[in-house]
Amino acid sequence: MGQEFFKEIFLAICVAVGFAVLFSTPKRALWAVAVLGAVGFTVRNFFLQFVSDNIIAASLAGASVVGISGLYFAHRVHTPPIVFTVPAITNMIPGKLGYQFIIGLLKFVSEDVNSAQIQTYLEILSDGLRASLIMLALAIGIIFPILVFNTQTVKNKDPQEIIRRKVERNKRLIRSARLKNKRR
Numbered sequence: 001m002g003q004e005f006f007k008e009i010f011l012a013i014c015v016a017v018g019f020a021v022l023f024s025t026p027k028r029a030l031w032a033v034a035v036l037g038a039v040g041f042t043v044r045n046f047f048l049q050f051v052s053d054n055i056i057a058a059s060l061a062g063a064s065v066v067g068i069s070g071l072y073f074a075h076r077v078h079t080p081p082i083v084f085t086v087p088a089i090t091n092m093i094p095g096k097l098g099y100q101f102i103i104g105l106l107k108f109v110s111e112d113v114n115s116a117q118i119q120t121y122l123e124i125l126s127d128g129l130r131a132s133l134i135m136l137a138l139a140i141g142i143i144f145p146i147l148v149f150n151t152q153t154v155k156n157k158d159p160q161e162i163i164r165r166k167v168e169r170n171k172r173l174i175r176s177a178r179l180k181n182k183r184r
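Using full-length UniProt numbering, you'd call the opening residue of the sequence shown number 1 and step up by one each time.
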């Protein structure tokens, strides 16, 4: 298992860096893409093997780790986090499920439907739904940390300070809502 697993991690790094180069990621950020690609892939596979057999939840976990870690690396590399989080999750995109879904749709459109094929078409729709949910989980995982910290740039941003300010703001809003309710 060990040697095969390291080979898969190496290939995940190659895929992530390859997509980063394809999309003109700055050279100074390529090491962060490699690290995030390896970490995201490792978290997803660890989740699949030891926690749950649910590929959607595992993909969300891997993408979330990439998204949260991407904020740290964005600060270190002085680059927006989306520049290297998107290439880092490309190895988690469900290509096989998407391919099976498209081929199944083409067969569905071009052939007559009989009752024996209904089960096959349900499986095709299941593949399409799973592929869509995995893609949604990947998008949520890398975008959610950016939305939580409400920032396009990470320069001069401290995540702990941002969280502290948001908590204080929410407390003030709750207090003002309570005062309005007492006045009624």
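No residue lacks a Cβ here, since even glycine has one placed at the ideal position from N, Cα and C. Bear in mind the structure is a predicted one, so any value in this text is a computation, not a measurement.
Which of helix, strand or coil DSSP assigns to residue i
i: Phe-46; result: helix
i: Thr-120; result: helix
i: Asn-54; result: coil
i: Glu-111; result: coil
i: Thr-90; result: helix
i: Phe-149; result: helix
i: Ser-24; result: coil
i: Thr-85; result: helix
i: His-75; result: helix
i: Pro-80; result: coil
Given residue i as reference, the closest of the options once Cα atoms are compared
i: Tyr-99; options: Leu-179, Asp-127 and Asn-54; result: Asp-127
i: Val-15; options: Leu-30, Gln-3 and Ile-68; result: Leu-30
i: Lys-107; options: Leu-125, Leu-136, Pro-94 and Gly-95; result: Leu-125
i: Arg-76; options: Ile-163, Arg-28, Asn-170 and Leu-136; result: Arg-28
i: Pro-145; options: Pro-81, Ala-177, Asn-54 and Leu-179; result: Pro-81
i: Gln-49; options: Phe-5, Ile-174, Gly-18 and Leu-11; result: Phe-5
i: Ala-139; options: Gln-119, Ile-68 and Asn-170; result: Ile-68
i: Phe-122; options: Glu-111, Ile-174 and Gly-104; result: Residue identity differs from the one stated: residue 122 is Leu in this sequence, not Phe. Considering only alpha carbons, the answer is Gly-104.
Cβ-Cβ distance between residue i and residue j below 8 angstroms
i: Ile-13; j: Gly-37; result: yes
i: Phe-73; j: Ala-61; result: no
i: Gly-141; j: Ser-64; result: yes
i: Ala-88; j: Val-33; result: yes
i: Gly-70; j: Thr-85; result: yes
i: Ile-9; j: Thr-42; result: yes
i: Ser-59; j: Ile-162; result: no
Whole-number beta carbon distance between residue j and residue i, since they are thought to touch under 8 angstroms
i: Val-66; j: Gly-40; result: 4 angstroms
i: Arg-130; j: Leu-97; result: 6 angstroms
i: Pro-26; j: Thr-79; result: 6 angstroms
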